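These notes concern the structure reproduced below.
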Amino acid sequence: MHLWDKNSKNLTDFATHFSFVIDSQNQSSHADGMAFFLAPNSTKIYEVSNGSDLGLSSPSLAIENSFVAVEFDIWRNLECDDPPGEHVGIDINSMRSVANVSWLSDITIMEGKKNEAWISYNSRSQNLSVVFTGFQNNVFVNQSLSYIVDLRKVLPEWVTFGFSAATGDGYAIHTIKSWDFSSSLEIDNNNTNPKGPSLNLPPKKRNTSMVVVGFIAGGFILVGGLAMVLFALWKRNRRAKEDDHALDEEFKREIGPRRFTYDELARATNDFNDKEKLGQGGFGGVDRGFLREVNSIVAVKKVSEGSTQGIREYAAKVKIISQLRHKNLVQLIGWCHERSRGQLLLVYDFMPNGSLDSHLFKEDTLLVWEVRYKIVQQLASALLYLHEGSDRCVLHRDIKPSNIMLDSNFNAKLGDFGLARLVDHASASRTTELVGTKGYINPRCVTTQRASKESDIYSFGIVALELACGRKPLNHEAPKDQVVMLEWVRELHGRGEVLLDVADQRLGGHFDEQRMNCLLIVGLWCAHSEYDHRPLIKEAIQVLNFEAPLPPLQFDIPRSSHHTPTMNEATSSFSISNE
1 MHLWDKNSKN
11 LTDFATHFSF
21 VIDSQNQSSH
31 ADGMAFFLAP
41 NSTKIYEVSN
51 GSDLGLSSPS
61 LAIENSFVAV
71 EFDIWRNLEC
81 DDPPGEHVGI
91 DINSMRSVAN
101 VSWLSDITIM
111 EGKKNEAWIS
121 YNSRSQNLSV
131 VFTGFQNNVF
141 VNQSLSYIVD
151 LRKVLPEWVT
161 FGFSAATGDG
171 YAIHTIKSWD
181 FSSSLEIDNN
191 NTNPKGPSLN
201 LPPKKRNTSM
211 VVVGFIAGGF
221 ILVGGLAMVL
231 FALWKRNRRA
241 KEDDHALDEE
251 FKREIGPRRF
261 TYDELARATN
271 DFNDKEKLGQ
281 GGFGGVDRGF
291 LREVNSIVAV
301 KKVSEGSTQG
311 IREYAAKVKI
321 ISQLRHKNLV
331 QLIGWCHERS
341 RGQLLLVYDF
351 MPNGSLDSHL
361 FKEDTLLVWE
371 VRYKIVQQLA
381 SALLYLHEGS
391 DRCVLHRDIK
401 PSNIMLDSNF
411 NAKLGDFGLA
421 RLVDHASASR
431 TTELVGTKGY
441 INPRCVTTQR
451 ASKESDIYSF
461 GIVALELACG
471 RKPLNHEAPK
481 DQVVMLEWVR
491 ELHGRGEVLL
501 DVADQRLGGH
511 FDEQRMNCLL
521 IVGLWCAHSE
531 YDHRPLIKEA
541 IQVLNFEAPL
551 PPLQFDIPRS
561 SHHTPTMNEA
571 TSSFSISNE
């Protein structure tokens, strides 16, 4: 692999995903583990007599190797300062890991269960990140590890990569079940857009007299029809140029995002091939692409042709997001509008771990408690920035797990500003038209049709409860008194029962009870039925950080709020999504 270019100093991005089995066949003395590595092309896997160091180095031969590896180690070497038990580590030129974390894998190794790992390197942040599966309470969980390293200082331009394993004095069978790998470094060789071969076809013979007769017979019709077509095309092109100009004007006042051509984005996404499709939302599809101009993998959002958003509304949305700069917001890289093609496109940073809902509600994987609490804190930080971080308040109006993206280290980044509005701080607590997603909007707002800063707080509260309870806001398969998550938790609190009973059972009790209780109280507080009883987001943050005491909660719940809104009730008076 071409890891970096000595002329431009450009580093590659790379990503690999593999599934593997380390099977001890129920033998208690199992060792040693396996590793994914990058090393100079001349590197050899050493066949040392004692089978140590996963084959990456040879202490007995006093040979120094250059390598970067991610080890899945099932034996503790005290001389390497390994943590107790199985662990995953990042190694640089030594088996003494620069970063490591305990690996919840004892059962999978004893029973030969399949594990998965995702390793990626971001050349801009120089972040080497690892996400891998563990096994806890009879379900798979996602764990993570990362380390900042400039690979240009460790490895040469060209490297080999692959797997190595060893057993030491123990026993284990190491098997790779599946593997894919991709890297993104491209070097300009002045032939980046070669033209295809031209076809020089011989002219066909024509009957001249028939052509003349045809022109005479249809001349008037042709001229008239051609004039109409030309006029229609002129009018269409003029409208397209006006719309393009409108969007350009929106960007002239901003800095940061750049304009891409449609052809650039088509090349980046392999002509929007279905294989690059990341998902489909209410405003259009999202494709993965590689932009060689910024040497990065990106997500390209294509606004649906059937979307109700016109170009001017689209320009307004782009204007909002182009102003936003926060570590917990999905970063807008660029945009594209070519009305003649009917395409409206936004280019974002690629989020390798997708959206929160794809992890929170999966049956076969589990977000561990520490990651959940970190996500709610980061989401609160993003919301504080939107509401109070600039001269005007940004109302997101569609906060939900599918709009919360996760980077390679499971850091939360709020995205999808398709419904966002920019308002003055003085009016942020008053009103704009109500939009959003069923389950994340206070049912009382259905009749008032009011959206405000407090509406975002309500949605945040619902997400906080989802993270604690591990379920969606509405579950019609649940017992009757638990169909609506908010009302279920609120009822338990009102009766003075232990709120910890609603915690996600899949966590198996592996959570900090004080923080779990705090998260549930903050969720109820933010999702209070009365908007003037909800906190400011900075007040919620203080409680989540234990910088302020838990608030006393009192609820006066009218009978009408105890039923689940029907589809007609939830959609008759405002714009709402069921996604």
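Take the sequence shown: its position 19, counted from the start at 1, is 19 in UniProt numbering, and no numbers get skipped.
Glycine included, each C-beta is placed from N, C-alpha and C at the ideal position.
Values in this document were obtained by computation on a predicted structure and should not be read as measured data.
Hey, would you say Arg259 sits closer than 7 Å to Glu276, going by beta carbons? no
Can you tell me the Cβ-Cβ gap for Asp13 and Ser183, rounded? I've got them flagged as a contact below 8 Å. 7 Å
Are Phe161 and Met1 closer than 7 Å when you measure CB to CB? yes
Cα separation between Lys453 and Leu383? 10 Å
Could you tell me which whole alpha helix (DSSP H) segments of length 4 or greater appear in the region 333 to 373? 357 to 360
Just the Cα atoms here: how many angstroms apart are Val502 and Phe290? 43 Å
Rounded to the nearest angstrom, what separates Ser8 and Asp349 at their Cα positions? 23 Å
CA nearest to the CA of Gly285, picked from Arg292, Glu293, Asn273: Asn273
Measure from the alpha carbon of Ala39 to the alpha carbon of each residue in Thr167, Asp23, Arg152, Ile462, then state which is nearest. Arg152
Tell me, to the nearest whole angstrom, how far the beta carbon of Leu524 is from that of His493; I am working on the premise that it is less than 8 Å. 6 Å
Residues that DSSP places opposite Asp91 in a beta bridge: Ala69
State the CB to CB distance for the pair Gly279 and Ala165, rounded to an integer number of angstroms; the pair is presumed to be in contact (CB under 8 Å). So it is not a contact: roughly 36 Å between Cβ atoms.
Report, in whole angstroms, the separation of the C-beta atoms of Ala468 and Leu520, which I expect to be a contact under 8 Å. 5 Å
Does DSSP put Phe511 in a helix, a strand or coil? coil
Strictly by DSSP, which residues pair up with Tyr171? DSSP lists no partner for Tyr171.
Within a Cβ cutoff of 8 Å, which residues of the same chain sit near Val489, ignoring the five residues on either side of it in sequence? Leu465, Cys469, Leu499, Val502, Leu520, Gly523, Leu524
I need the DSSP call for Asn295, collapsed to helix, strand or coil. coil
Taking 8 Å as the threshold, find out whether the region 79 to 99 comes into contact with the region 378 to 394 through three or more Cβ pairs. no
Near residue 581, what residues of its chain come up, given a Cβ to Cβ distance below 8 Å and the 5 sequence neighbours on each side ignored? Absent from the structure is residue 581, since the part of the chain shown begins at 1 and ends at 579.
N-terminal and C-terminal residue of the beta strand (DSSP E) that Phe140 is part of: 139 to 148
How should Leu230 be labelled, buried or exposed, when 16 other C-beta atoms within 10 angstroms of its C-beta is the threshold for buried? exposed
If you run the structure through DSSP and keep just helix, strand and coil, what is Met1? coil
Look at the Cβ atom of Trp4, then the Cβ atom of Glu157, and state whether they are nearer than 7 Å. yes
Using the beta-carbon count (16 or more within 10 Å), is Asn137 buried or exposed? exposed
Look at the alpha carbon of Asn10 and the alpha carbon of Leu185, and state the distance between them as a whole number of angstroms. 8 Å
Sorted by chain position, which residues of the same chain lie with C-beta nearer than 6 Å to His528's C-beta, five sequence neighbours on each side aside? Arg534
Lys438 versus Gln482 - alpha carbon distance: 17 Å
When you compare only the Cα positions, how much space is there between Ser146 and Asn122? 11 Å
Backbone CA spacing between Val68 and Asp271 [nearest angstrom]: 35 Å
If you draw a straight line from the C-alpha of Val21 to the C-alpha of Cys518, how long is it? 39 Å
The beta strand (DSSP E) enclosing Glu22, as first and last residue numbers: The residue asked about is misnamed: residue 22 is Ile in this sequence, not Glu. That run of the beta strand (DSSP E) goes 14 to 23.
With DSSP collapsed to three states, give me the class of Pro401. helix
For Phe134, which beta-bridge partners are listed by DSSP? Correcting the residue identity first, residue 134 is Gly in this sequence and not Phe. Beta-bridge pairing links Gly134 to Val141.
Tyr440 in three-state terms, based on DSSP: coil
As assigned by DSSP and simplified to three states, the class of Glu388: helix
Can you give me the Cβ contacts of Glu338 inside the same chain, cut-off strictly under 7 Å, excluding the 5 residues immediately before and after it? Tyr262
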